[in-house]
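At position 273 of the sequence shown the residue is numbered 273 (this note's numbering), and the sequence of numbers has no breaks. Glycine residues also receive a C-beta, built at the ideal position from the N, C-alpha and C atoms.
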Amino acid sequence: MATLDRFDIKGRSALVTGAASGIGLAYAEAMAEAGAMVTLTDIDGEGAEREAARLREAGCEVRFDRLDVSDFDAVAAAFDTHAKVYGGLDITFANAGIDTGAGFWNPAGHRNPDGQVDTYDPKRWDKSISVNLSGVFYTVSNAVRVMKQPGRANGRSGGSIICTASNAGLVTEPIVGLPYMPAKAGVLHMVRALGLELAEFRIRINAIAPGPFVTNIGGGWLKKDPVARKAWDAIVPLGAVAETDQLKPLALLLASDASDYMTGSHVVIDGGMMLGKYQ
Ligand code: NAD
C-alpha cells in the first residue's frame, strides 16, 4: 500500500468528546476534512451544534450530540446512536477535559492558598476526576463495546481510540489543579493497560499528551491574558505555545492505518517543554 494511502480514513466514522471547542474541535475537523463521518459531542450542546453546522456548510458529513462524559448512561446512548446512524464506529477521541483550578502555585509562582493539598476542596477533586478520568473510562468502555459488535455495516473490525492526556500526566504542572495531574497520569496508564487487553480485537488505543495549546481551558487564560501568553511563549523551546491546528496531523496519524503497529502508547506534543528548559 502506498504510504499516503495508509492515512486514508474516507468512509470511516468517528465520535469525538469535548468537540465544541479547542483540541476536540481540531480533532473533529481533522477527521471530517479527511472524509470521515463525525459525531461532535460536548456538554455544550449549542457549541457542538454550531460547529457541526459550520462543518456541514463546508461539505463535511457530521452530526452533533449534547453529551456529559461523566454520565455513563448518556455516553452509552451517544455511542449507540452514532453506530446506528453511521453503521458502526471506527475512531473515537476521548478528549473532553477540564481544569477545576487552584494550582498549588499561581502563574506568578507564588503559593496559592486554595491550591495546597491540605486546603484543596474535595468537591473540586471529585469534579476533576469524574470528567478527566472516569469520563475517559466511560467513553473508552462504550467505544470498545460498539467496536466489538459483529456485523458492522462497513464490514470492518477493529478500531482506533485516542485519549487526550497531558504532559501534566508525565511531569508536574503546578498551575493546574492538583487532581488534573493524577487524572491525566491515570489516563496514560489506562491506555497502556488497554493496549494489551484490546490487541486481540485489533482495537488500538493511544494517547496524545499535549503541552500548552491556546484553547478555552481554565477560562481561556492563554487567549485572554497577553502577558501570560508572552511568558509562556518564552519558556517553550520551540518558541511559542501552540494553535490547535498543529494537532491535526497527529490526530490523523493515530486515527488511521498509518499507525497500525502502535497501541498502548503516547505521543508528547509540547514544543519541547518536557526537555527541561521549564521543568
Ligand atoms: P476547551 O475548554 O477548549 O475544550 C474542552 C471541551 O470539553 C469544551 O468544549 C467543554 O465544553 C467540553 N467539556 C467540558 N466538560 C465536559 C463534560 N463533562 N462532558 C463533555 N464535554 C465537556 O479545552 P481544551 O484545551 O481543548 O481541552 C481538551 C483536552 O485537552 C482536555 O482533556 C484537556 O485536559 C487536554 N489538554 C489541553 C491542553 C491545553 O493546553 N489546552 C494541554 C494538555 C491537555
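Put simply, the backbone Cα of Ile-91 is about 9 Å away from that of Val-38. Counting only the Cα atoms, Ala-28 lies some 26 Å from Gly-101. It is roughly 43 Å from the alpha-carbon of Ala-78 to the alpha-carbon of His-110. In the DSSP assignment, His-266 falls outside any alpha helix (DSSP H) and lies within the beta strand (DSSP E) extending over 265 to 269.
For Thr-164, the shortest separation between its Cβ and any heavy atom of ligand 1 lies below 7 Å. Distance check between Asn-216 and each of Pro-249, Ser-265, Gly-186 and Ala-96 places Ala-96 closest, using alpha-carbon atoms only.
Relative to ligand 1, the nearest heavy atom lies less than 7 Å away from the CB of Thr-17. With respect to Phe-93, Ile-162 sits close: the two C-beta atoms are nearer than 8 Å.
Judged by the Cβ position, Gly-11 fails to qualify as a neighbour of ligand 1 at the 7 Å threshold, every heavy atom of the ligand being at least this far. In the three-state DSSP reduction, Met-31 falls in the helix class (H, G or I). Within the stretch 92 to 147, the complete alpha helix (DSSP H) segments of 4 residues or longer fall at 122 to 129 and 135 to 147, listed in chain order. Nearest in C-alpha terms to Leu-178, of all of Leu-198, Thr-164, Lys-223 and Phe-104, is Phe-104.
Here the C-alpha atom of Glu-200 lies approximately 16 Å from the C-alpha atom of Ala-143. In this chain, the alpha helix (DSSP H) harbouring Phe-72 covers 72 to 86. In this structure, Phe-213 has its beta carbon less than 7 Å from a heavy atom of ligand 1.
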